[in-house]
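**Student:**
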Amino acid sequence: MHYLNRKFKKIQPQLVATTTSYNQNLPQPQLATTTTCYNHNLLQPQHTTTTTCYKHNRLQPQFATTTTYHNLPQPQPATTTTYHKRHKEPPYCSEKDGNLEGFIPDLMKAIEEKTQMSFHLSKVEDGKFGSKNDRDAWDGMIGKVISSDASIAAGPITVTDERKEAVDFTVPFMSVDLSLIMLKQEDGAKKISSAKDLLNQTDLKIGVLKDGSTHSFFRQTKDTTFMKIYEAMIKDETNFVPSYQAGVEKIHKTTTSPKYAMIIESATADYYTVQKPCDLLSVKIINDTRNYALAVAKNWPQKEQLNKSIEELKKDGKLKELKTKWWPSACNGVSKTGAVGGATVFITLGAIFLSLMKSF
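Quick note: the sequence shown uses numbering that gives the first Met the number 0, first residue 0, plus one each step.
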């Protein structure tokens with residue numbers, strides 16, 4: 000055990016006041032603890048006196064984790080990286096002129112203003128929300144959080160029981176249902192008014208987002224009707240699409256029988272049904288309300304700050320403002336919620352990112 004005190008004098012044109020402490024906790028039998036304190040007393044604008052003290056307990060030459068706290072104001076803003084699922088997935092996140100924009104980037108900016116945190120957004124490499132693979136390991140955004148490559152996974156991530164076993168979630172920032180999105184039906188076509196009607200649609204193939212929460216639901220369901228729907232899905236691997244955008248493109252391209260339809264979250268369906276060429280119909284599933292939330296590591300200490308800021312954004316109407324901004328309607332006669340005239344059909348299916356934190 001030893002202490003080291005040092006004083007420095009130098010020309011300093013700006014006033015700086017920073018207190019930094021480091022505490023390293025190791026899962027190893029021996030712990031390495033380092034405490035570093037900085038105290039800067041500025042007597043004149045051109046004169047800086049700095050006192051630095053170090054306290055070392057050198058029982059272990061390596062450490063596993065580091066948490067750094069900064070008292071604001073800081074010389075430079077704190078930086079955290081947020082992973083979003085894809086760089087081209089409107090309305091949540093898309094790329095324009097080299098910059099990311101959409102509901103998620105705006106949401107994170109709003110949280111920055113509430114918490115004084117700072118986030119850097121980046122896309123996850125495999126383009127997945129996160130599911131378990133054959134080795135029982137998590138991929139996608141959830142995998143990034145678990146491996147500590149990310150502090151926060153931000154996107155339209157559905158909160159599920161399986162995911163809650165691996166990560167923690169904030170309070171929801173959006174609630175959605177499941178919807179069937181398809182081309183508008185021609186006069187005389189068979190109308191869909193129940194889940195069982197999907198089984199009788201010989202001219203319609205049903206698909207979902209590959210390895211998404213809806214895919215997991217159908218894969219794990221014990222309901223006879225849903226099992227039959229899934230059995231029809233797996234007969235053609237192309238029914239499982241890599242992104243919502245790819246699914247919508249497949250709907251438009253499949254103009255001959257059997258046509259293609261996709262079961263997705265209602266908020267996403269609402270967006271695509273009000274975009275040109277205005278030829279899509281959203282068939283909502285009203286008995287499977289699910290939530291979108293930010294995913295963080297288990298027991299992440301800043302989660303409550305995120306929760307508080309999201310609740311404040313709900314209360315002051317900011318989340319509603321962002322929804323209005325990024326779900327604009329480009330179609331006449333179509334509401335912003337995706338209902339088409341009086342033709343919306345309801346199906347009752349029954350009850351059914353961030354790189355490692357640097358500083359704050």
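Every residue, glycine too, gets a C-beta built ideally from N, C-alpha and C. The structure presented is a predicted model; accordingly, all values stated were derived computationally and were not measured.
Tell whether a beta-carbon distance below 8 Å holds between residue 149 and residue 143.
**Tutor:** Yes, the Cβ-Cβ distance between residue 149 and residue 143 is below 8 Å.
**Student:** Mind checking residue 267: buried by the 16 CB within 10 Å criterion, or exposed?
**Tutor:** Burial call: buried.
**Student:** Just how far apart, CA to CA, sit residue 97 and residue 190?
**Tutor:** Those two C-alpha atoms are separated by around 44 Å.
**Student:** Cα separation between residue 89 and residue 238?
**Tutor:** Going by the C-alpha atoms only, they are around 21 Å apart.
**Student:** Report all residues from its chain with a CB closer than 8 Å to the CB of residue 274; omit the five preceding and five following residues, and keep chain order.
**Tutor:** Same-chain partners within the cutoff: 329, 330.
**Student:** Per DSSP, what kind of secondary structure is residue 295 in: helix, strand or coil?
**Tutor:** The answer is strand: DSSP assigns residue 295 an E or B state.
**Student:** Which two residues bound the contiguous beta strand (DSSP E) that contains residue 206?
**Tutor:** Where residue 206 is concerned, the enclosing beta strand (DSSP E) stretches over 203-208.
**Student:** If you compare alpha carbons, which of 282, 251, 208, 207 is closest to residue 194?
**Tutor:** Cα-wise, what sits closest to residue 194 is 282.
**Student:** Output needed for residue 243: all residues of its chain with C-beta closer than 7 Å, excluding positions within five of it in sequence on either side, in chain order.
**Tutor:** Once the five neighbours on either side are set aside, the close Cβ partners of residue 243 are 88, 208, 263, 267.
**Student:** Let me check one thing: in DSSP terms, what residues is residue 259 bridge-paired to?
**Tutor:** Its beta-bridge partners are 204.
**Student:** Buried or exposed, going by whether 16 or more other CB atoms sit within 10 Å of the CB of residue 146?
**Tutor:** Residue 146 comes out exposed.
**Student:** Using the rule of at least 16 other Cβ atoms within 10 Å of the residue's Cβ for burial, across every protein chain shown, is residue 315 buried or exposed?
**Tutor:** Burial call: exposed.
**Student:** Along the alpha helix (DSSP H) that carries residue 306, what are the first and last residues, could you check?
**Tutor:** Unbroken alpha helix (DSSP H) run through residue 306: 302-314.
**Student:** Under DSSP, the alpha helix (DSSP H) around residue 108 begins and ends at which residues?
**Tutor:** Counting along the chain, the alpha helix (DSSP H) containing residue 108 begins and ends at 102-114.
**Student:** On the three-state DSSP scale, how would you describe residue 130?
**Tutor:** Coil at residue 130, not helix or strand.
**Student:** Could you check the C-alpha separation between residue 271 and residue 247 for me, to the nearest Å?
**Tutor:** If I take the Cα positions, the gap works out to 8 Å.
**Student:** Do the segment 301-310 and the segment 97-114 make contact, defined as three or more Cβ pairs closer than 8 Å?
**Tutor:** Cβ pair count under 8 Å is three or more, so yes.
**Student:** Would you mind sorting residue 257 into buried or exposed? The rule is 16 or more other CB atoms within 10 Å of its CB.
**Tutor:** Exposed: under 16 other Cβ atoms inside 10 Å.
**Student:** Which stretch, first to last residue, makes up the alpha helix (DSSP H) that contains residue 236?
**Tutor:** Per DSSP, residue 236 belongs to no alpha helix (DSSP H) and is neither H nor E.
**Student:** If you check the beta carbons only, do residue 289 and residue 157 fall under 8 Å apart?
**Tutor:** Closer than 8 Å, so yes.
**Student:** How big is the Cα-Cα spacing for residue 77 and residue 155?
**Tutor:** Any reading at residue 77 must be qualified, since the residue scores a pLDDT of 46, below 50, and its modelled position is unreliable; no value is offered.
**Student:** Let me know if residue 95 comes out buried or exposed under the rule of 16 or more other beta-carbons within 10 Å of its beta-carbon.
**Tutor:** It is exposed - the Cβ of residue 95 has fewer than 16 other Cβ atoms within 10 Å.
**Student:** Could you round the C-beta distance between residue 182 and residue 278 to whole angstroms and report it? I think they count as a contact, below 8 Å.
**Tutor:** Contact flag correct, Cβ pair sits at about 6 Å.
**Student:** Measuring CA to CA, which of 166, 134, 218 is closest to residue 230?
**Tutor:** The residue with the shortest Cα to Cα distance from residue 230 is 218.
**Student:** DSSP three-state call for residue 137: helix, strand or coil?
**Tutor:** It is a strand residue.
**Student:** Between the alpha carbons of residue 184 and residue 301, how many angstroms are there, rounded?
**Tutor:** Taking the straight line joining both Cα atoms gives about 48 Å.
**Student:** Residue 360 and residue 240 look like a contact to me (Cβ under 8 Å); what is the Cβ gap, rounded to whole Å?
**Tutor:** Since the first and last residues shown for the chain are 0 and 359, residue 360 lies out of range.
**Student:** Alpha carbons only, please: which of 206, 213, 253 is nearest the one belonging to residue 234?
**Tutor:** Of 206, 213, 253, the residue nearest in Cα terms is 206.
**Student:** Quick one, which of 106, 299, 131, 203 has its alpha-carbon nearest residue 260's?
**Tutor:** Residue 203 is the option with its Cα nearest to residue 260.
**Student:** Return the CA-CA distance between residue 319 and residue 162, expressed in angstroms with no decimal places.
**Tutor:** About 26 Å.
**Student:** Taking all protein chains shown into account, do 16 or more other C-beta atoms lie within 10 angstroms of the C-beta of residue 317, making it buried, or fewer, making it exposed?
**Tutor:** Per the 10 Å Cβ criterion, buried.
**Student:** Which of the three DSSP states, helix, strand or coil, is assigned to residue 212?
**Tutor:** Reduced to three states, the DSSP call for residue 212 is helix.
**Student:** How would you write the range of the beta strand (DSSP E) that residue 124 sits in, first residue to last?
**Tutor:** Here residue 124 belongs to no beta strand (DSSP E), and DSSP marks it neither H nor E.
**Student:** Under the assumption that residue 172 contacts residue 291 (Cβ atoms under 8 Å), give the Cβ distance between them as a whole number of angstroms.
**Tutor:** At roughly 6 Å, the Cβ-Cβ gap stays under 8 Å, so residue 172 and residue 291 are in contact.
**Student:** For residue 197, which residues in the same chain have their Cβ closer than 7 Å to its Cβ, ignoring the five residues on either side in sequence?
**Tutor:** Here the set comprises 191, 205, 228.
**Student:** In three-state terms, what does DSSP make of residue 282?
**Tutor:** DSSP places residue 282 in strand when its eight states are reduced to three.
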